[in-house]
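S.K.:
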Amino acid sequence: MKVRSFGHALPAREVTNDELTAILDTSDEWIKSHTGIGSRHVLSGGETISTLGAQAARMALRKAGVTAADLDFIICSTTAGEMLFPATACLIQQKLGAKCPAMDVNAGCTGFLYAMNLADAMLTCGKAKRVLLVAAEQITRLADWKDRSTCVLFGDGAGAAVCEAGEGFKAVRLTARGTAEPLYGMADGGNCPFDDQIPQAKPLQMNGQEIFKFAVTQSCKDIRHLLDRTGTPADTVDYYVLHQANRRILDAARNRLKQPAEKFPVNITTHGNAGSAGIPVLLSEMAEDGRLQTGQTLVLSAFGAGLTSGAALLQFNI
Amino acid sequence: MNTFETIAKLLAESKDMDVNDIRPDMSFSDLELDSLDVAELVMNLEDELGVAVEIDESLRTIADLVAKVDADKQ
Chain A
118 MKVRSFGHAL PAREVTNDEL TAILDTSDEW IKSHTGIGSR HVLSGGETIS TLGAQAARMA
178 LRKAGVTAAD LDFIICSTTA GEMLFPATAC LIQQKLGAKC PAMDVNAGCT GFLYAMNLAD
238 AMLTCGKAKR VLLVAAEQIT RLADWKDRST CVLFGDGAGA AVCEAGEGFK AVRLTARGTA
298 EPLYGMADGG NCPFDDQIPQ AKPLQMNGQE IFKFAVTQSC KDIRHLLDRT GTPADTVDYY
358 VLHQANRRIL DAARNRLKQP AEKFPVNITT HGNAGSAGIP VLLSEMAEDG RLQTGQTLVL
418 SAFGAGLTSG AALLQFNI
Chain B
25 MNTFETIAKL LAESKDMDVN DIRPDMSFSD LELDSLDVAE LVMNLEDELG VAVEIDESLR
85 TIADLVAKVD ADKQ
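Heads up: the sequence lines are chains A and B, in that order. Just so we're on the same page, this note's numbering is the position in the first sequence counted from 1, plus 117. Just so we're on the same page, this note's numbering is the position in the second sequence counted from 1, plus 24.
So, in structure tokens, the structure goes:
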């Protein structure tokens, strides 16, 4: 598989840490020192993630020089979707005016890498010639805005990539270790009169210390596994693009991998944790500002609810 | 090197502390370690000693951590 292009779109409303101090017992200094986050983009005023997803997709289509009619499949990674159903991918397909099949993937914040793996399989076996990947997240709608330890972390956004048959996507490793306790949210269970134990809706719950440990250890394990399997020396990788969950996760993983800070691009400072959209948004920004150049070797690594994790090694060839 | 000495060494390395300033009765807040510092310490300790340590609310001091690690070793 070859990744032809990236695109991204963010909500217009930026919420600073100082704004959060008006509604929570927190401070700019605490949030920055614990997470690295200074502000985040939050859905408001009727914005939807399918609108953002379609905007990110249009940017990626334009960059690839193709149209929605040229797509064979749309896969959208989303943690909870815009609606319970239909799939956010179908809402995006409608907005793009595409005619191809469309479906969602939920692998938490690892979803974009799971979606890449699916696209690679479709393209490699000839079931599709061009696949649009979108990651569209509205984690701020899942968060508990009375829980100062979690709500300050999250932002919304959408990233997209156009993928085609070809070379570049060298290797991928995905994992899942099924357990809900460290990170979950629960949707409203409805009102069926024949069940007296319908679970109540619950906003995002997270055991920060367990997730921190999982993220750092699993990300390093996945990356080392990929480098070993492909015979790639760690020093020859141009960028390690990690899920933007928390600056301290990025720093701890980087220290363990013994790589310099400039190889670990960061957008969490202004975007917060935008779930599975974080990586494609960052890649799109890097393509835009010229950091991404043809021929570069990239390692992507993500981790999230599931617990899932994933890493991919690709050569960037636009 | 016993468990306490290993913890003191890891803290001294990662947090730029003097190993002689670390005592077993000190709490993590005495040492100015926040929740993610504790998680990182536990993670480094697990790597160093090959043990698995569950972080819960009972974990407040260096001595608590030593006790948990030594229980897992047995």
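Built from N, CA and C at the ideal position, the CB exists for glycine as well. None of these values were measured; they are calculated from a predicted model.
Just the Cα atoms here: how many angstroms apart are tryptophan 262/A and cysteine 268/A?
M.R.: Taking the first sequence and counting its residues from 1, the one referred to as residue 262/A is at position 145. Taking the first sequence and counting its residues from 1, the one referred to as residue 268/A is at position 151. Using only the alpha carbons, I get a separation of about 5 Å.
S.K.: Going residue by residue through the region 169-256 of chain A, where are the continuous alpha helix (DSSP H) segments of at least 4 residues, counting only ones entirely within it?
M.R.: Qualifying alpha helix (DSSP H) stretches, in chain order: 205-213, 228-241.
S.K.: Quick check: cysteine 226/A and alanine 206/A, are their CB atoms within less than 9 Å of each other?
M.R.: Within the first sequence, the letter at position 109 stands for residue 226/A. Within the first sequence, the letter at position 89 stands for residue 206/A. Their beta carbons are not under 9 Å apart, which means cysteine 226/A does not touch alanine 206/A by this criterion.
S.K.: Taking the CB atoms as reference points, tell me whether alanine 278/A and serine 426/A lie closer together than 9 Å.
M.R.: The sequence position of residue 278/A within the first sequence is 161, counting from 1. The sequence position of residue 426/A within the first sequence is 309, counting from 1. No, the pair does not count as a contact, with Cβ atoms beyond the cut-off.
S.K.: Is it buried or exposed for valine 120/A, if we count other Cβ within 10 angstroms and need 16 for buried?
M.R.: One-based indexing of the first sequence puts residue 120/A at position 3. Buried is the call here.
S.K.: When you compare the region 376-390 of chain A with the region 153-164 of chain A, are there three or more beta-carbon pairs, one atom per stretch, that lie closer than 8 Å?
M.R.: yes
S.K.: With H, G and I counted as helix, E and B as strand and the rest as coil, what does DSSP make of asparagine 390/A?
M.R.: Stepping through the first sequence from its first residue, residue 390/A is reached at position 273. In the structure shown, asparagine 390/A sits in a strand (DSSP, three-state: E or B).
S.K.: Can a CB atom of chain A be found closer than 9 Å to the CB of isoleucine 79/B?
M.R.: In the second sequence, counting from the first residue as 1, residue 79/B sits at position 55. It does; some Cβ of chain A falls within 9 Å.
S.K.: Cβ closer than 7 Å: which chain B residues qualify as neighbours of arginine 365/A?
M.R.: For the purposes of this step, residue 365/A is taken as residue 248 along the first sequence, with counting starting at 1. Here the neighbours are Leu60.
S.K.: Measuring CA to CA, which of Ala215/A, Ala288/A, Arg258/A, Ile256/A is closest to alanine 236/A?
M.R.: Walking along the first sequence from the start, residue 236/A turns up at place 119. Of the listed residues, the one whose Cα sits closest to alanine 236/A is Ala288/A.
S.K.: Using a Cβ-Cβ cut-off of less than 8 Å, list which residues of the region 41-69 of chain B approach chain A; keep chain order.
M.R.: Asp58, Ser59, Leu60, Val62, Ala63, Glu64, Val66, Met67
S.K.: Examine chain B for any beta-carbon lying closer than 9 Å to the beta-carbon of lysine 119/A, and answer yes or no.
M.R.: Mapped onto the first sequence, residue 119/A falls at position 2. It does not; no Cβ of chain B falls within 9 Å.
S.K.: Helix, strand or coil: which one does DSSP assign to threonine 267/A?
M.R.: Counted from its first residue, the first sequence places residue 267/A at position 150. If DSSP states are grouped into helix, strand and coil, threonine 267/A belongs with coil.
S.K.: Chain B beta carbons: is any one of them nearer than 9 Å to that of phenylalanine 329/A?
M.R.: As a working note, residue 329/A is residue 212 in the first sequence. Interface residue, yes.
S.K.: Tell me the DSSP secondary structure of histidine 151/A in three-state form.
M.R.: If you number the first sequence from 1, residue 151/A lands on position 34. Of the three classes helix, strand and coil, the one that applies to histidine 151/A here is helix, per DSSP.
S.K.: State the CB to CB distance for the pair glutamate 281/A and lysine 246/A, rounded to an integer number of angstroms; the pair is presumed to be in contact (CB under 8 Å).
M.R.: As a first step, residue 281/A is located in the first sequence; it is residue number 164 there, counting from the start. As a first step, residue 246/A is located in the first sequence; it is residue number 129 there, counting from the start. Sure, about 7 Å apart at Cβ, within 8 Å.
S.K.: Entirely within the region 51-79 of chain B and at least 4 residues each: give me those alpha helix (DSSP H) ranges in chain order.
M.R.: 59-73
S.K.: Can a CB atom of chain E be found closer than 9 Å to the CB of alanine 369/A?
M.R.: Any reference to chain E falls outside this structure, whose protein chains are A and B.
S.K.: Going by Cα to Cα distance, which pick from Gln210/A, His151/A, Asp355/A, Ile166/A is closest to glutamine 432/A?
M.R.: In the first sequence, the residue the question calls residue 432/A occupies position 315. When only C-alpha atoms are compared, the closest one is Asp355/A.
S.K.: DSSP puts serine 156/A in a beta bridge; with which residues?
M.R.: If you number the first sequence from 1, residue 156/A lands on position 39. For serine 156/A, which the question treats as bridged, DSSP gives the partners Thr133/A.
S.K.: So if I threshold CB-CB distances at 9 Å, which residues from the region 330-363 of chain A count as touching chain B?
M.R.: Lys330, Val333, Thr334, Asn363
S.K.: For a test of the three-state rule: what should DSSP assign to phenylalanine 331/A, helix, strand or coil?
M.R.: Position 214 of the first sequence, counting from 1, holds the residue named residue 331/A. The answer is helix: DSSP assigns phenylalanine 331/A an H, G or I state.
S.K.: If you count every other CB in all the chains shown that lies within 10 Å of the CB of glycine 285/A, and 16 or more means buried, which is it?
M.R.: Residue numbering aside, residue 285/A sits at position 168 when the first sequence is read from its first letter. Flag for glycine 285/A reads buried.
S.K.: Can you grab the Cα-Cα spacing for the pair aspartate 461/A / serine 144/A, in whole Å?
M.R.: Given a span of 118 to 435 for chain A in the structure shown, any question on residue 461/A remains unanswerable.
S.K.: Within the 9 Å Cβ cut-off, does glutamine 326/A reach chain B?
M.R.: Within the first sequence, numbered from 1, the residue matching residue 326/A stands at position 209. Judged by the 9 Å Cβ criterion, glutamine 326/A is in contact with chain B.
S.K.: Could you pull out every residue in the same chain whose Cβ sits closer than 6 Å to the Cβ of serine 51/B, ignoring the five residues on either side in sequence?
M.R.: For this step, residue 51/B is matched to residue 27 along the second sequence. Same-chain partners within the cutoff: Arg84, Thr85.
S.K.: Between threonine 347/A and leucine 55/B, what straight-line distance do the alpha-carbon atoms span, to the nearest angstrom?
M.R.: Position 230 of the first sequence holds residue 347/A. Position 31 of the second sequence holds residue 55/B. C-alpha separation (whole angstroms): 42 Å.
S.K.: Which runs of the alpha helix (DSSP H) at least 4 residues long sit entirely within the region 315-365 of chain A? Give them in chain order.
M.R.: 325-347
S.K.: With proline 397/A and phenylalanine 229/A assumed to form a contact (beta carbons below 8 Å), what rounded beta-carbon distance in angstroms separates them?
M.R.: Within the first sequence, numbered from 1, the residue matching residue 397/A stands at position 280. Within the first sequence, numbered from 1, the residue matching residue 229/A stands at position 112. The Cβ separation is near 6 Å, so the contact holds.
S.K.: Looking at the structure shown, is phenylalanine 28/B part of a helix, part of a strand, or coil, going by DSSP?
M.R.: Within the second sequence, residue 28/B is the residue found at index 4, counting from 1. Three-state result, phenylalanine 28/B: helix.
S.K.: Between histidine 151/A and chain B, is the shortest Cβ-Cβ distance under 9 Å, so that the two count as touching?
M.R.: Here residue 151/A is taken as the residue at index 34 of the first sequence, counted from 1. With 9 Å as the cut-off, histidine 151/A counts as an interface residue toward chain B.
S.K.: CB threonine 257/A to CB glycine 272/A, shorter than 9 Å?
M.R.: Residue mapping note: residue 257/A aligns to position 140 of the first sequence, counting from 1. Residue mapping note: residue 272/A aligns to position 155 of the first sequence, counting from 1. Contact: yes.
S.K.: Classify serine 38/B as helix, strand or coil using the three-state DSSP reduction.
M.R.: Taking the second sequence and counting its residues from 1, the one referred to as residue 38/B is at position 14. Helix.
S.K.: Taking Cβ positions, are phenylalanine 190/A and methionine 239/A nearer each other than 9 Å?
M.R.: Stepping through the first sequence from its first residue, residue 190/A is reached at position 73. Stepping through the first sequence from its first residue, residue 239/A is reached at position 122. Cβ distance < 9 Å, so phenylalanine 190/A and methionine 239/A count as in contact.
S.K.: Starting from methionine 118/A, trace the beta strand (DSSP E) both ways and give me its first and last residue.
M.R.: Taking the first residue of the first sequence as 1, we reach residue 118/A at position 1. Per DSSP, methionine 118/A belongs to no beta strand (DSSP E) and is neither H nor E.
S.K.: Alpha carbon to alpha carbon, how far is glutamine 335/A from valine 90/B?
M.R.: Translated into positions along the first sequence, residue 335/A becomes position 218. Translated into positions along the second sequence, residue 90/B becomes position 66. Answer to the nearest angstrom: the Cα atoms are 25 Å apart.
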